[in-house]
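Numbering (our numbering), first residue to last: 11 to 337.
Dropping the structure here:
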């Protein structure tokens, strides 16, 4: 009991173990019950799953609020909201990846599920590194802040950018270093096949589904470069940073299936996200030089929610004609 009560990375070990147990239970329920057999996920099921994961994240945030206090609670909800919003860009790129590799919808959930497991490990490593840097060198926060402001301004004023998967360096590296089949083999990432046509020697080949998984992991790594510093700019508590990140990402699969077909309706949300990144980056300087400490958590949450809500509403209004059925 003393071990469970001891503090690790700012919070009791039992608190970390509780979070890990909840995440493992959600993943086991998802894979072992909801998706025991491969099937194509429709709009209704994806919306229900997305609502389920959002509710799970909100309930955990409510528990954080009750147990750790309102400041921690608001920091969690702010991080959860930012990560969930940044996931919309993830959805667009993932859609391009599945289209490029011609992955049928029936196998897309498998790629996203294993992608989430990779995300959980990658985010833990990045957040652990970030927490260590901040604890040892406080000025690291100023580096994060400048980076976020620069990224936000770049998003705000940059034109439309296209994603060129055919010339992606990682994809080229994998194709040069691995044997890759030309076609999919169901839901399998690897298959045994002859080393060459007519040969009896069997070797392992990667399938395009595995390449799609690698690209999904790369996409998350790229987006984590923005999202992790953004949450560290809100709070330096590793528990709040990691839990808000993971609970927001857990529903990414369901969010993808719900929004992949209508992601164009949120075209102008990126400008709101850009302003949020600029605000979060500026928060570090405002907290240290204006508010004599930290910007109040309630103000941070209110500004973040207001900007994102305005971005969503403006996007839906500007693209309302796209939602009308053709006559």
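Glycine included, each C-beta is placed from N, C-alpha and C at the ideal position. Just so we're clear, the structure is a prediction, and the values are computed from it rather than from any experiment.
> With a CB to CB cut of under 6 Å and the five nearest residues on each side skipped, what residues in its chain are close to residue 21?
Replying inline: Reading the chain shown from its first residue, position 11 is the one you call residue 21. Within the same chain, residue 21 has close Cβ partners 249.
> What separation, rounded to the nearest whole angstrom, lies between the Cα atoms of residue 318 and residue 229?
Replying inline: For this step, residue 318 is matched to residue 308 along the chain shown. For this step, residue 229 is matched to residue 219 along the chain shown. Cα to Cα, residue 318 sits roughly 22 Å from residue 229.
> Where DSSP assigns a beta bridge to residue 239, which residues make up the other side?
Replying inline: Taking the chain shown and counting its residues from 1, one reaches residue 239 at position 229. Its beta-bridge partners do not exist; DSSP assigns none.
> Do residue 96 and the ligand SAM come close, with the Cβ less than 8 Å from some heavy atom?
Replying inline: As presented, the structure is devoid of all ligands, the ligand SAM included, so that no description of it is given.
> Taking the C-alpha atoms as reference points, what is the distance between residue 198 and residue 33?
Replying inline: On the chain shown, residue 198 is found 188 positions in, with the first residue counted as 1. On the chain shown, residue 33 is found 23 positions in, with the first residue counted as 1. Taking the straight line joining both Cα atoms gives about 25 Å.
>> Let me make sure I understand the geometry here. Which of 331, 293, 219, 69 has the alpha-carbon closest to that of residue 112?
In response: Numbered from its first residue, the chain shown carries residue 112 at position 102. When each option's Cα is compared against that of residue 112, the closest is 219.
> Around the C-beta of residue 155, are 16 or more other C-beta atoms found within 10 angstroms, so that it is buried, or is it exposed?
Replying inline: Position 145 of the chain shown, counted from the start, is the residue given in the question as residue 155. Looking at its Cβ environment, which holds 16 or more other Cβ atoms inside 10 Å, residue 155 is buried.
> With a CB to CB cut of under 8 Å and the five nearest residues on each side skipped, what residues in its chain are close to residue 314?
Replying inline: In the chain shown, counting from the first residue as 1, residue 314 sits at position 304. Same-chain partners within the cutoff: 88, 91, 92, 286, 289, 290.
>> Let me confirm a value: residue 405 is counted as buried when at least 16 other C-beta atoms fall within 10 Å, else exposed. Which label applies?
In response: Here the chain has residues from 11 to 337 only, and residue 405 is not among them.
> Got a sec? Which residues, its chain only, sit under 8 Å from residue 322 by beta carbon, not counting five neighbours each side?
Replying inline: For the purposes of this step, residue 322 is taken as residue 312 along the chain shown, with counting starting at 1. So the list reads 276, 279, 282, once near-sequence residues are dropped.
> Taking residue 133 as the reference, which of 310, 325, 195, 260 has the closest Cα?
Replying inline: Position 123 of the chain shown, counting from 1, holds the residue named residue 133. When each option's Cα is compared against that of residue 133, the closest is 260.
> For residue 204, which three-state DSSP category applies?
Replying inline: One-based indexing of the chain shown puts residue 204 at position 194. Strand.
> Whose C-alpha, out of 109, 252, 208, is nearest the C-alpha of residue 221?
Replying inline: Looking up residue 221 in the chain shown gives position 211. Checked all of 109, 252, 208; the closest Cα to residue 221 is 109.
>> Is the beta carbon of residue 240 closer than 9 Å to that of residue 181?
In response: As a working mapping, residue 181 is identified with position 171 in the chain shown. As a working mapping, residue 240 is identified with position 230 in the chain shown. Result no, Cβ atoms of residue 181 and residue 240 do not sit closer than 9 Å.
> Helix or strand or just coil, what does DSSP make of residue 216?
Replying inline: Taking the first residue of the chain shown as position 1, residue 216 is located at position 206. Residue 216 falls in the strand class under three-state DSSP.
> Closest by CA to residue 138, which one among 284, 251, 127?
Replying inline: Taking the first residue of the chain shown as position 1, residue 138 is located at position 128. The residue with the shortest Cα to Cα distance from residue 138 is 251.
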